[in-house]
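**Student:**
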Amino acid sequence: MVVNELRIGLVGKPNVGKSTFFSAATQAQVDIANYPFCTIDPNVGVAFVEARLSCPCKQLRERLEQDGRLEETQVEDPRKGSLCQPRTGSCIAHRRFVPVALVDVAGLVPGASEGRGRGNAFLSDLANSDALIQVVDAAGSTDLEGQFLGGASNSEQAIASLHEEITFLHEELDAWIAGILNEGWSRGVRRVQAEGDKGLASFIHERLSGLGATASSVNQALHEFQQSTTVSVQPWEWDASVLRHLAQVLRQSLFPIAYAANKFDIAPPGVLSSFQDIALEPCMADMELALRRATSAGMIDYQPGDTSFALLNDASLSEPQEKALNHMMKKIMDAGGTGVARLLDRVLFDQLERIVVYPVQDETHWVDGEGKVLPDAFVVPSSIQAKALAYHVHTDLGDGFIRGVDGKTRRVVGAEHELSDGDVLKIHAKS
Ligand SMILES: Nc1nc2c(ncn2[C@@H]2O[C@H](COP(=O)(O)OP(=O)(O)OP(=O)(O)O)[C@@H](O)[C@H]2O)c(=O)[nH]1
Ligand SMILES: [Mg+2]
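Numbering-wise, this note's numbering comes out as the position in the sequence shown, counting from 1, plus 57.
Next up, the structure:
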């Protein structure tokens, strides 16, 4: 269902709110509890992330209204003017939500790379992730093993435990990658002796291909490694500390990490501002979950990413429900949202540099073969060319590509035409 299965992995020590974040973002029911290792087997689900630009159905509506072929949106319209018919995801008020796969794994404890806790098993659960979100406990309410400490810590303790949490995860990932490199290193370096740098790159690429390494990511990491190190000896003489450094550079390129500073609702003041060099996104995952549930129950009008919500008149709320909702309203207005949607937005569009494009079969009416309006919104790399997009839609469309037509400008475009965010494209192909 998810095009090209872009995956974001949720990692972190136990009991920080990974499953809560996952459940809030995917609406999937999963186990959540205030003790470590509540999650054992990974949860995989689809999160819907709002496209940065309005759905093109906004432009379509404007055109139809101008031509007198459509009336203005009525206040009672549940879609608030949206005209598109998404095959997956949704669109209300021209806010289009697109799918991305999310993976929630077991908590990671120090020594995981040597088999502690759930050990390497769940490290491999992360192997296919294109990016990681480390969920950290901004309240300092848990120790490094995920034991609940009875409540939030003071600022100093929370800052120290955040540093510890962030560092240990880096170290575990580095140790894991170093372990994979180490295995077979002596065999690998024989190739290096024969083939030089090229042999080194291809050996590393082979070893790490299971983690999603590509030739170009390995080459880039090797280049950075060579610039940042002063080792004079040949690869076959590299000791454990050099390999560890290499693993660190490779980790940075294979697994960019974004940080969800969760439990922000109970975090002591000023905690996040002491982290100047790491972008910690304030998050309140359990509030996002509660708001999503209240939305499904028809109590409130809320969309992920909103910084406020409206209580629905016809929902007969009990006094405690109303009180709880008013409390949450204050919290999200103060914090500028729960942070869940904002973080996913940042990871998908800034870190992974994706755009959203809309292939159609009819460049005038923006419909597919069955007359469905803008049914597909594809999440693709920002530099994608028309022909590559055709391959995303279908292999035959890529193989038979003749030309594209930009649905907004009606211009004919060639195979190498680079698409922009929000583009609508008709693809002509030999059948
Ligand atoms: N105050 C507060 N508590 C939260 C928040 N998010 C999650 N929690 C609580 O933190 C506890 C742990 O949540 P989980 O989602 O099970 O944590 P996890 O990281 O998946 O834990 P493991 O699966 O054991 O590794 C639960 O009691 C949640 O209700 C939050 O934003 N604020
Ligand atoms: Mg969990």
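For glycine and all other residues, C-beta sits at the position ideal for the given N, C-alpha and C.
So, under 8 Å CB-CB, I234 and L307 are touching, yes? Tell me the CB distance rounded to an integer number of Å.
**Tutor:** With a Cβ gap of about 6 Å, I234 and L307 count as contacting.
**Student:** Could you give the residue range of the beta strand (DSSP E) that holds F154?
**Tutor:** Its beta strand (DSSP E) spans residues 152-161.
**Student:** To which residues of the same chain is M356 closer than 8 Å at the C-beta, ignoring the five residues directly before and after it?
**Tutor:** Cβ within range, chain order: L368, L369, A372, L374, Q378, L382.
**Student:** Quick check on the burial criterion: 16 or more other C-beta atoms within 10 angstroms. Buried or exposed for S186?
**Tutor:** Classification of S186: buried, given that the 10 Å Cβ count is 16 or more.
**Student:** Measuring CB to CB, does A336 end up less than 8 Å from Y316?
**Tutor:** Going by C-beta atoms, A336 is nearer than 8 Å to Y316.
**Student:** I want to know whether the stretch 190-209 touches the stretch 265-275 - three or more CB-CB distances under 8 Å.
**Tutor:** No, the stretch 190-209 is not in contact with the stretch 265-275.
**Student:** Taking just the CA atoms, how far does V430 sit from V437?
**Tutor:** V437 and V430: Cα-Cα distance of roughly 20 Å.
**Student:** When DSSP labels each residue in this structure, what does H227 get in the three-state scheme?
**Tutor:** Looking at H227 - three-state DSSP - the assignment turns out to be helix.
**Student:** DSSP beta-bridge partners for Q510?
**Tutor:** For residue 510 there is no data in the structure shown, the boundaries of the chain being 58 and 488.
**Student:** Measure the beta-carbon distance from A215 to A324 and round it to whole angstroms, keeping in mind my assumption that it falls under 8 Å.
**Tutor:** Contact holds; Cβ gap of about 6 Å.
**Student:** Would you call the CB atoms of S143 and A434 closer than 8 Å?
**Tutor:** Sequence inspection shows Pro at residue 143; the Ser mentioned does not correspond to that position. Yes, the Cβ-Cβ distance between P143 and A434 is below 8 Å.
**Student:** Going by CA-CA distance only, name the one from R64, T364, S440, A398 that's closest to V160.
**Tutor:** For V160, the nearest C-alpha among the options comes from R64.
**Student:** Smallest Cα separation from A104: which of F78, Q250, F332?
**Tutor:** Nearest C-alpha to A104: F78.
**Student:** Closer than 7 Å by C-beta to F406: which residues in its own chain qualify, once you throw out the five before and the five after it? Chain order, please.
**Tutor:** Answer for F406: R109, listed in chain order.
**Student:** According to DSSP, is P71 part of a helix, a strand, or is it coil?
**Tutor:** Residue state, collapsed to three classes: coil.
**Student:** Run the proximity test for I323: is its beta-carbon closer than 7 Å to any non-hydrogen atom belonging to ligand 1?
**Tutor:** Yes, the beta carbon of I323 sits closer than 7 Å to at least one heavy atom of ligand 1.
**Student:** Would you decide whether A297 is buried or exposed? Buried here means 16 or more other CB atoms lie within 10 Å of its CB.
**Tutor:** Looking at its Cβ environment, which holds fewer than 16 other Cβ atoms inside 10 Å, A297 is exposed.
**Student:** My parser needs the alpha helix (DSSP H) runs of 4 or more residues fully inside the stretch 390-445; what are they?
**Tutor:** List check, alpha helix (DSSP H) in window: 397-402.
**Student:** Suppose the cutoff is 8 Å on Cβ atoms and the five residues either side in sequence are ignored; what does the same chain contact list for I149 look like?
**Tutor:** So the qualifying residues of the chain are P135, R136, K137, S139, Q360.
**Student:** Below 6 Å CB to CB, which residues in the same chain sit around V299 once its five sequence neighbours on both sides are set aside?
**Tutor:** Excluding positions up to five away in sequence, the list reads V288.
**Student:** Suppose you measure from the CA of R489 to the CA of T83; what does that come to, to the nearest Å?
**Tutor:** Nothing can be reported for residue 489: it is not among the residues displayed for the chain, which extend from 58 to 488.
**Student:** Let me check one thing: in DSSP terms, what residues is Y316 bridge-paired to?
**Tutor:** Q191, L337, per the DSSP bridge assignment.
**Student:** Just mark G74 as buried or exposed, buried being the case when its beta carbon has 16 or more other beta carbons within 10 Å.
**Tutor:** G74 should be labelled buried.
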